[in-house]
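J.: Below are the structure tokens for one structure; questions will follow.
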Amino acid sequence: MKKKIVIISPPESAHTVEWIEFLNEQKRFEIFYISLKKDFKPVEKSFFIDFSFPFYKLNLLKSYFKVKRIIKSIDPDIVHAHYLFPYGILTLFDHKKTVISFWGSDITNDYKNSNSIFRFLADLSIKDADFITFAGKHLKNFFKYDVKNSEILIWGVDRNFIEGVKESDRRELGFSDDDFVILNLRYIRDIFQIERVIDVVKDLNNKFSNIKLVLIKGDDSPYLNMIKEKCKELPFIKILENLSKEKFISLIKSSDITLSLSKRDGSPVSVKEAMICGKVVIYQEIEPMSEFFDNKDFKTSLKTLENKELYEKILYFYNNRNVLKNIGDQMKEFAEENFDKKKCFQRGLKIYNKIIGD
134 MKKKIVIISP PESAHTVEWI EFLNEQKRFE IFYISLKKDF KPVEKSFFID
184 FSFPFYKLNL LKSYFKVKRI IKSIDPDIVH AHYLFPYGIL TLFDHKKTVI
234 SFWGSDITND YKNSNSIFRF LADLSIKDAD FITFAGKHLK NFFKYDVKNS
284 EILIWGVDRN FIEGVKESDR RELGFSDDDF VILNLRYIRD IFQIERVIDV
334 VKDLNNKFSN IKLVLIKGDD SPYLNMIKEK CKELPFIKIL ENLSKEKFIS
384 LIKSSDITLS LSKRDGSPVS VKEAMICGKV VIYQEIEPMS EFFDNKDFKT
434 SLKTLENKEL YEKILYFYNN RNVLKNIGDQ MKEFAEENFD KKKCFQRGLK
484 IYNKIIGD
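If you're matching positions, the sequence shown starts at 134 in the numbering used here and goes up one per residue.
Right, dumping it as structure tokens:
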């Protein structure tokens, strides 16, 4: 008899889609999925809880009781929530074997900035769960208390898929083969230092007109509108949106160098994908990213928030293409060894087996 697994997670997350795809490949699981706000059906038995009330907390309260009813009707062997807020909290007191996976922003932003009530519910959910997975040691160390029955579970990337994607044609962006294309891997959000990137590339472009920048649109927000306005008169900057996974990978392959200037997270999938593609990633040196690279120094980190340091780092690689290629190869080798999707997912499967006794 197949084991029943309920997945509760955001519909827009790669963790949702790829984890469900992996579980379906195992043939011994029956997968159920619960989403909030957005109707999404990755499996036949998917449930959607609409946010119909004008107040977020009322919607969460309604969702909590609906989730409880759905779980009771399924009677699953495991309930697995991806992200603590609000998905992990919705598993509280479900009286089933429960796994909650933390992937970064749910701890470093949502938990950190939550009010006392939500933090109390989060701590209660963590202690009530049968198992917790962390995307890195820095997340586990974030808590003042010892989180028992937990493991580090790194999210892997699909090497076979990436290797099968062709490089995109730069001419579609209005760029040429002679251009030096910088791809900012992270969405347009204030935590990713987009203004700093634009200002630095603008200065570089004034000196070398073949230096170009590609930005990826994030959620609609006043910050996004401000960035669009800032880029209006800058023809060397392209803002792209609605990119499929394949299109994003092809864009990475057509770039010369990539950026990830997050101020807080430490296990970004896009950075792993860029490394698998053999691209140099310039990143902001924070504790989570040092852990991400296992304290290996590729000479691509930024130790300050100053424009000058980013300017000089990009300029160095612009003027030293052989070094750029060599470090890109080193990053590719490191990623293949540490971030292979199948190896990482197998670790998650072992956690399931441990919980249900298989």
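All C-beta atoms, glycine included, are put in the ideal place defined by N, C-alpha and C.
1. Enumerate in chain order the residues of its own chain whose CB-to-CB distance from E305 is below 6 angstroms, with the five nearest sequence positions on each side excluded.
2. Who are the near neighbours of F184 in its chain, counting only those whose CB is closer than 6 angstroms to its CB and skipping five residues on each side?
3. By the 10 Å Cβ neighbour count, where 16 or more other Cβ atoms means buried, how is L367 classified, buried or exposed?
4. Going by other Cβ atoms of all chains shown within 10 Å of its Cβ, with 16 needed for buried, is D227 buried or exposed?
5. Where do the ends of the beta strand (DSSP E) carrying Q417 lie?
6. T224 and I141 - do their beta-carbons sit closer together than 8 angstroms?
7. Once DSSP output is grouped into helix, strand and coil, what is the label at S142?
8. Assign F251 to one of three DSSP states: helix, strand, or coil.
9. With a floor of 4 residues, list each alpha helix (DSSP H) that falls wholly inside the segment 143-230, ordered by position along the chain.
10. Just to confirm, are I295 and F472 a CB contact at a threshold of 8 angstroms?
11. What did DSSP end up calling I259 once you bin it into helix, strand or coil?
12. Compute every distance between the C-beta of I167 and the non-hydrogen atoms of the ligand HEM, then say whether any falls below 7 angstroms.
13. Alpha carbons only, please: which of F188, K205, P144 and I415 is nearest the one belonging to E442?
14. So, under 8 angstroms CB-CB, I203 and S258 are touching, yes? Tell me the CB distance rounded to an integer number of Å.
15. Please determine, among K299, D310 and F369, the residue with the shortest C-alpha to C-alpha distance to L384.
16. Within 10 angstroms of its Cβ, does V456 collect 16 or more other Cβ (buried), or is it exposed?
17. List the endpoints of the continuous beta strand (DSSP E) containing L272.
18. Is the separation between the beta-carbon of M422 and that of A468 shorter than 8 angstroms?
T.: In short, the structure shows the following:
1. Translated into positions along the sequence shown, residue 305 becomes position 172. No residues qualify anywhere along the chain.
2. As a working mapping, residue 184 is identified with position 51 in the sequence shown. Closer than 6 angstroms at Cβ, skipping near neighbours: K170 and N192.
3. Counting from one through the sequence shown, the residue named residue 367 turns up at place 234. So L367 counts as exposed.
4. Position 94 of the sequence shown holds residue 227. Result: buried.
5. On the sequence shown, position 284 is the one that residue 417 refers to. Where Q417 is concerned, the enclosing beta strand (DSSP E) stretches over V414 to Q417.
6. Here residue 141 is taken as the residue at index 8 of the sequence shown, counted from 1. Here residue 224 is taken as the residue at index 91 of the sequence shown, counted from 1. Yes, Cβ-Cβ distance for I141 and T224 is below 8 angstroms.
7. As a working note, residue 142 is residue 9 in the sequence shown. In the structure shown, S142 adopts coil according to DSSP, grouped into three states.
8. Residue numbering aside, residue 251 sits at position 118 when the sequence shown is read from its first letter. Reduced to three states, the DSSP call for F251 is helix.
9. Those alpha helix (DSSP H) runs which fall completely within the segment 143-230 and span 4+ residues are 147-158 and 189-207.
10. Walking along the sequence shown from the start, residue 295 turns up at place 162. Walking along the sequence shown from the start, residue 472 turns up at place 339. In this structure, F472 does not lie closer than 8 angstroms to I295 by Cβ.
11. Numbered from 1 along the sequence shown, position 126 holds the residue referred to as residue 259. If DSSP states are grouped into helix, strand and coil, I259 belongs with the helices.
12. With respect to the ligand HEM, the structure shown offers nothing to examine, as it has no ligands at all.
13. Walking along the sequence shown from the start, residue 442 turns up at place 309. For the residues F188, K205, P144 and I415, the minimum Cα distance to E442 belongs to I415.
14. Here the question's residue 203 lines up with position 70 in the sequence shown. Here the question's residue 258 lines up with position 125 in the sequence shown. The beta-carbon separation of I203 and S258, rounded to 17 angstroms, does not stay under the 8 angstroms limit for a contact.
15. To locate residue 384, count along the sequence shown from 1; it is residue 251. Nearest option by C-alpha distance: K299.
16. Taking the sequence shown and counting its residues from 1, the one referred to as residue 456 is at position 323. Result: exposed.
17. Reading the sequence shown from its first residue, position 139 is the one you call residue 272. Element bounds for L272: not the beta strand (DSSP E) but the alpha helix (DSSP H), K270 to K273.
18. In the sequence shown, residue 422 corresponds to position 289, counting from 1. In the sequence shown, residue 468 corresponds to position 335, counting from 1. No, these two residues do not count as a Cβ contact at 8 angstroms.
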